[in-house]
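From first to last, the protein sequence lines stand for chains Y and U.
The numbering used here runs 1206 ahead of the 1-based position in the first sequence.
The numbering used here runs 1226 ahead of the 1-based position in the second sequence.
Scroll down for the structure; my scribbles are underneath it.
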Amino acid sequence: DAKTTQPPSMDCAEGRAANLPCNHSTISGNEYVYWYRQIHSQGPQYIIHGLKNNETNEMASLIITEDRKSSTLILPHATLRDTAVYYCIVRVEGAQKLVFGQGTRLTINP
Amino acid sequence: SAVISQKPSRDICQRGTSLTIQCQVDSQVTMMFWYRQQPGQSLTLIATANQGSEATYESGFVIDKFPISRPNLTFSTLTVSNMSPEDSSIYLCSVGPGTGKAFFGQGTRLTVV
């Protein structure tokens, strides 16, 4: 699986959009981009994933660049409950393993 | 979706002893995964548990230290053997990444004293 690079920490004001970047310059054509988050003292939670096109669900939006070498997770209206470590993972669809990097510790400030 | 229950949620153990962690899933799954999360660190995959066959261990993890059982399609156990303080971590059970979404238990917080 391709390696990802994320900033170690970010801050965002409550109510604003939180934009979390991820670099995956060695991604292969059949690898998807997945985002998970881990709220303190809980197991990781799936957020969203995509291959080429931008994706949106009830939790977030995922913007993938045209060359697929980077992506951005957008939490449109961040709340205090969005404070967590966010993990960007790339993997082939159907592959069983998830390989976690260090993630981004996002702090939402009141 | 899948609901995963882990027991115990936390424990404090003496060095040299062993602890068995249980993972129960509310549906049948082919593979179950065990992760370790050391303090302040990310998750590291320990092994993949398949029903009816031996678990597959990742580099740096061995069966003697982390024996795994998978007696049926909804249950697995991970034992942390001959514990030392370095084994103090959160241990997590997971299912389902092959479908695109992985589900995790709440974890077992282990402290070895």
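Just so you know, even glycine gets a beta-carbon here, dropped at the ideal spot from N, CA and C.
Fair warning: this is a prediction, and the values are worked out from it, not measured in the lab.
Review point. What are the residues that DSSP puts in a beta bridge with Thr1334(U)?
Key: Here residue 1334(U) is taken as the residue at index 108 of the second sequence, counted from 1. The partner list for Thr1334(U) (beta bridge, DSSP) reads Tyr1317(U).
- prompt: Is it true that the CB of Val1255(U) sits closer than 7 Å to the CB of Val1321(U)?
  reply: Residue mapping note: residue 1321(U) aligns to position 95 of the second sequence, counting from 1. Residue mapping note: residue 1255(U) aligns to position 29 of the second sequence, counting from 1. Yes; because the gap between Cβ atoms is below 7 Å, this pair is in contact.
| request: Please work out which residues of its chain come closer than 6 Å, Cβ to Cβ, to Leu1226(Y), disregarding the five sequence neighbours upstream and downstream, and give them in chain order. | output: Within the first sequence, the letter at position 20 stands for residue 1226(Y). Leu1279, Tyr1292 and Thr1310.
Contacts of His1230(Y) in chain U (Cβ-Cβ under 8 Å): As a first step, residue 1230(Y) is located in the first sequence; it is residue number 24 there, counting from the start. Near His1230(Y) there are no residues of chain U at all, since even the closest Cβ is about 16 Å away, more than 8 Å.
- [ ] Anything in chain U within Cβ reach of Tyr1252(Y), meaning under 7 Å, just list it in chain order.
- [x] As a first step, residue 1252(Y) must be located in the first sequence, where it is residue number 46. Correct list: Lys1327 and Ala1328.
### Query
For Pro1227(Y), which beta-bridge partners are listed by DSSP?
The residue labelled residue 1227(Y) in the question sits at position 21 within the first sequence. In the DSSP output, where bridge partners are listed per residue, Pro1227(Y) has Thr1278(Y).
Quick check: the Cα distance between Thr1271(Y) and Leu1271(U), rounded to an integer number of angstroms? Along the first sequence, read from residue 1 onward, the residue named residue 1271(Y) stands at position 65. Along the second sequence, read from residue 1 onward, the residue named residue 1271(U) stands at position 45. Those two C-alpha atoms are separated by around 29 Å.
request  = Report the three-state DSSP secondary structure of Leu1299(U) (helix, strand or coil).
outcome  = The residue given as residue 1299(U) occupies position 73 in the second sequence. In the structure shown, Leu1299(U) sits in coil (DSSP, three-state: anything other than H, G, I, E or B).
- Message: Between Gln1212(Y) and chain U, is the shortest Cβ-Cβ distance under 7 Å, so that the two count as touching?
- Response: Walking along the first sequence from the start, residue 1212(Y) turns up at place 6. No, its Cβ sits nowhere closer than 7 Å to a Cβ of chain U.
| Does the separation of the CB atoms of Gln1250(U) and Gly1249(Y) fall below 7 Å? | Within the second sequence, numbered from 1, the residue matching residue 1250(U) stands at position 24. Within the first sequence, numbered from 1, the residue matching residue 1249(Y) stands at position 43. Taking 7 Å as the Cβ cut-off, Gln1250(U) and Gly1249(Y) do not qualify as a contacting pair.
Problem set entry | C-beta neighbour in chain U for Leu1304(Y), strict 7 Å | Sequence index remark: in the first sequence, residue 1304(Y) carries index 98 (1-based). Closer than 7 Å to some Cβ of chain U, the Cβ of Leu1304(Y) qualifies, so yes.
Q.
Along the chain, where does the beta strand (DSSP E) containing Ile1245(Y) start, and where does it finish?
A. The residue labelled residue 1245(Y) in the question sits at position 39 within the first sequence. Run containing Ile1245(Y): none; DSSP gives neither H nor E here.
Exercise. Would you verify that the beta carbon of Leu1318(U) is, or is not, closer than 7 Å to some beta carbon of chain Y?
Key: The residue you call residue 1318(U) lines up with position 92 of the second sequence. Chain Y, which has a Cβ nearer than 7 Å to the Cβ of Leu1318(U), makes this yes.
Legend entry - Cβ distance (whole Å) where Tyr1317(U) is taken to contact Leu1299(U) below 8 Å: Counted from its first residue, the second sequence places residue 1317(U) at position 91. Counted from its first residue, the second sequence places residue 1299(U) at position 73. Actually they are not in contact, since the Cβ atoms of Tyr1317(U) and Leu1299(U) sit about 21 Å apart, beyond 8 Å.
One or two residues paired with Ala1273(U) in a DSSP bridge:
For this step, residue 1273(U) is matched to residue 47 along the second sequence. Answer is Trp1260(U) and Tyr1283(U).
- Does DSSP put Leu1257(Y) in a helix, in a strand, or in coil? The residue labelled residue 1257(Y) in the question sits at position 51 within the first sequence. Leu1257(Y) falls in the coil class under three-state DSSP.
Practice item. Helix, strand or coil for Arg1222(Y), going by three-state DSSP, please let me know. Key: Taking the first sequence and counting its residues from 1, one reaches residue 1222(Y) at position 16. Reduced to three states, the DSSP call for Arg1222(Y) is coil.
Contacts around Tyr1252(Y), its chain only, beta-carbon distance under 6 Å, and the 5 residues preceding and following it disregarded
By one-based count along the first sequence, residue 1252(Y) stands at place 46. Excluding positions up to five away in sequence, the list reads Tyr1242.
Suppose the cutoff is 8 Å on Cβ atoms and the five residues either side in sequence are ignored; what does the same chain contact list for Glu1223(Y) look like? By one-based count along the first sequence, residue 1223(Y) stands at place 17. Per the sequence presented here, residue 1223(Y) reads as Ala, with Glu not at that position. If we look at Ala1223(Y) and ignore the five residues flanking it on each side, its Cβ neighbours are Ile1280, Leu1281, Pro1282, His1283 and Ala1284.
query: So Arg1241(U) is in the beta strand (DSSP E); what residue range does that whole segment cover?
result: As a first step, residue 1241(U) is located in the second sequence; it is residue number 15 there, counting from the start. Premise fails: Arg1241(U) is in no beta strand (DSSP E) and is neither H nor E.
Helix, strand or coil for Leu1286(Y)? Go by DSSP, reduced to three states. Reading the first sequence from its first residue, position 80 is the one you call residue 1286(Y). Helix.
Margin query: If I measure Cβ to Cβ from Phe1301(U) and keep anything under 6 Å in the same chain, skipping five residues before and after, which residues do I get?
Written below: In the second sequence, the residue the question calls residue 1301(U) occupies position 75. Closer than 6 Å at the Cβ level, and outside the excluded window around Phe1301(U), lie Gln1250.
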